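Here the protein sequences line up with chains A and B, keeping their order.
For the first sequence, the numbering used here begins at 1 and goes up steadily by one.
For the second sequence, the numbering used here begins at 172 and goes up steadily by one.
By construction, the Cβ of each residue, glycine as well, lies at the ideal position given by its N, Cα and C atoms.
In this text, all values refer to a predicted model and were calculated from it rather than measured experimentally.
This report concerns only the one structure given below.
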Amino acid sequence: MTIHPNRRRLAVPALLGLGVVAGFGVATTSAAWTDDAVFTAQASAGRVDLRGATDGSSYEPADDAAAAVRLDPITGLTPDAPAVRNVQLWNAGSVPMNLTWSSTNPTSLLGGCVDVTYSTLTTALRPGQAPAGDAVTTATVTFTVADDADAATCSGRSVSDVTVVVQGSTS
Amino acid sequence: MTSTTHSTTRRFPHRTRALWAVLVAAALVVAGFALTVGSTDRTSAAWTRDVHAVSSVRLASWATAPMSCTPVGPGSTVAGTCEIESAEVSVKGTPGHREMVISGKIVGSFDPPVFPRLVVDLSELPNVPAGWDWATTAPADIQHVDRVDCSAPPIVIADLSNQSWNGKGTIELLEGQSTGLCLAPVSA
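Following this line, the structure appears as structure tokens:
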């Protein structure tokens with residue numbers, strides 16, 4: 001019977017320790033995932049914002065296909081004259097961004113009549129408050145009809161809504 | 172005294188165990204903090220922004236011979252063989268109201284639903300009149316020539332999917348028509 005008070009004394013610091021662990025865990029999780037103030041502080045420390053344009057001035061977020069940057073349509077594509085379309089990209093965030101083409105971008109259109117190739121993108125686009133200098137780069141898409149493309153199966157064909165995506169990431 | 176001695180001798184191990192409990196708690200705190208930081212880092216590493224761009228692509232019409240033939244199957248696949256042995260153009264009528272008949276001798280090996288698609292480069296054929304009014308051109312017989320694309324003259328593309336072509340492909344075009352059937356492109 002004289003052991004119980006001693007066990008209670010032993011249990012007190014242990015429970016306090018667990019309480020500290022549990023309390024800290026909850027507080028940390030809350031701060032990292034649900035506390036708006038903390039999240040905002042993190043965001044301001046590393047804001048991510050990539051925008052695109054075709055005229056070098058009207059930059060848009062273009063976050064999805066519905067808001068995509070509209071490139072000039074390609075018409076009259078022939079085997080001897082590839083068509084090139086450029087997208088200017090501006091790192092409007094506050095941290096450098098690595099740019100890559102999406103793996104889902106098409107490399108071939110119209111049953112192989114048109115090859116689609118992509119330029120090499122910068123791996124560290126610097127941030128800038130204005131779309132100028134090192135904060136801007138150009139991504140180029142080239143549409144080519146193969147020299148030996150069959151006229152009967154390729155000539156005169158068309159496809160709409162060809163979407164290409166540039167992905168920017170902070171690492 | 173006995174009781175006091177007993178209590179003294181048991182308190183020391185209790186302090187040791189309590190100290191261990193605190194140390195374990197501290198270790199868990201550190202581990203939890205590291206886990207949280209790690210999670211935050213991974214989240215930060217996954218921050219991405221995409222830029223979407225969209226366009227459309229339309230190929231011009233071109234020909235690799237004055238008249239070529241391709242057997243076209245479902246899904247625009249090529250199925251079989253088809254060649255043009257000879258081609259010619261004849262024209263009659265007055266300017267603005269002329270009829271042009273393009274014909275070619277077809278030698279091929281394919282079966283329905285595969286049909287011959289003809290691509291004609293009129294700049295490579297004789298007897299094509301200058302000043303032909305393509306804006307008012309329409310096929311003369313849409314029943315025999317299923318589709319005609321004259322949108323990029325002098326290239327004319329015709330699908331003979333409804334024709335009993337019987338060794339001869341014929342495209343009849345009329346000038347001075349109000350309809351734009353000739354401008355309907357061949358389907359993709």
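In angstroms with no decimal places, state the Cα-to-Cα distance between A/L99 and B/P287. Using only the alpha carbons, I get a separation of about 46 Å.
With 16 as the cutoff for other CB atoms within 10 Å, does B/L194 come out buried or exposed? With fewer than 16 other Cβ atoms within 10 Å, it is exposed.
Exposed or buried, which one is B/L239 when buried takes at least 16 other CB atoms within 10 Å? Note on identity: in this sequence residue 239 of chain B is Ser, with Leu being the wrong assignment. Around the CB of B/S239, 16 or more other CB atoms lie within 10 Å, so the residue is classed as buried.
Could you tell me the distance, in whole angstroms, from the CA atom of A/V21 to the CA atom of B/A192? Bear in mind that the predicted position of A/V21 carries a pLDDT of just 42, short of 50, making it too unreliable to give a figure here.
If we define contact as Cβ-Cβ less than 9 Å, is B/I277 a contact residue for chain A? With its beta carbon at least 9 Å from every one in chain A, B/I277 lies outside the interface.
Can you tell me the Cβ-Cβ gap for A/G93 and A/P127, rounded? I've got them flagged as a contact below 8 Å. The pair is a contact, with the Cβ atoms about 5 Å apart (cut-off 8 Å).
Would you mind working out which of A/P73, A/T170, A/V165, A/D80 sits nearest A/D147, comparing C-alpha positions? Nearest Cα to A/D147 within the set A/P73, A/T170, A/V165, A/D80: A/D80.
For the alpha helix (DSSP H) that contains A/T144, what are its first and last residues? Premise fails: A/T144 lies in the beta strand (DSSP E), 136-145, not in any alpha helix (DSSP H).
For the beta strand (DSSP E) that B/C321 lies in, which residues bound it at each end? For B/C321, the enclosing beta strand (DSSP E) begins and ends at 318-323.
Taking the straight line between their C-alpha atoms, what separation do you get for A/M97 and A/R85? Each residue's alpha carbon lies about 22 Å from the other.
According to DSSP, A/G52 sits in a beta bridge with which residue or residues? For A/G52, which the question treats as bridged, DSSP gives the partners A/E60, A/L89.
Kindly list, in the order they appear in chain B, the residues whose Cβ is closer than 8 Å to that of A/S57. Near A/S57 there are no residues of chain B at all, since even the closest Cβ is about 15 Å away, more than 8 Å.
Closer than 9 Å to chain B by CB, A/P61: Closer than 9 Å to some Cβ of chain B, the Cβ of A/P61 qualifies, so yes.
Chain B contact for A/S94 (CB, 9 Å cutoff): Answer no: the Cβ-Cβ gap between A/S94 and chain B never drops below 9 Å.
With a threshold of 16 other CB atoms inside 10 Å of the CB of A/S103, please say whether the residue is buried or exposed. It counts as exposed.
Can you check whether the C-beta of A/D35 is within less than 9 Å of a C-beta belonging to chain B? The predicted model places A/D35 with a pLDDT of 26, which falls under 50 and marks its position as unreliable; any figure quoted below should be read in that light. By this cut-off, A/D35 is not an interface position.
Between the Cα of B/G340 and the Cα atoms of B/S349, B/R220, B/V272, B/P297, which residue gives the shortest distance? The candidate whose alpha carbon is nearest that of B/G340 is B/V272.
For a contact meaning CB atoms closer than 7 Å, what does A/G111 contact in chain B? The contacting residues are S247.
Cβ-Cβ separation, B/V260 to B/L296 (assumed contact under 8 Å), whole Å: Correct: roughly 5 Å between the Cβ atoms.
Tell me which residue opens and which closes the alpha helix (DSSP H) that A/C187 is part of. Nothing in the structure corresponds to residue 187 of chain A, since chain A is present only between 1 and 171.
DSSP three-state assignment for B/D310, whether helix, strand or coil: Here residue 310 of chain B is Pro; the residue named in the question, Asp, does not match the sequence. Secondary structure of B/P310 (DSSP, three-state): strand.
In chain B, which residues lie with their C-beta within 7 Å of the C-beta of A/S103? Going along chain B, no residue has its Cβ under 7 Å from A/S103, so there is no contact; the nearest lies around 12 Å.
Cut-off 8 Å between Cβ atoms - residues of its own chain near A/R70, not counting five sequence neighbours on either side: Closer than 8 Å at the Cβ level, and outside the excluded window around A/R70, lie T54.
Does the beta-carbon distance from A/V159 to A/V87 come in below 9 Å? Cβ distance not < 9 Å, so A/V159 and A/V87 don't count as in contact.
8 Å Cβ shell around A/A62 - same chain, five flanking residues per side excluded: Here the set comprises R51, G52, A68, V69.
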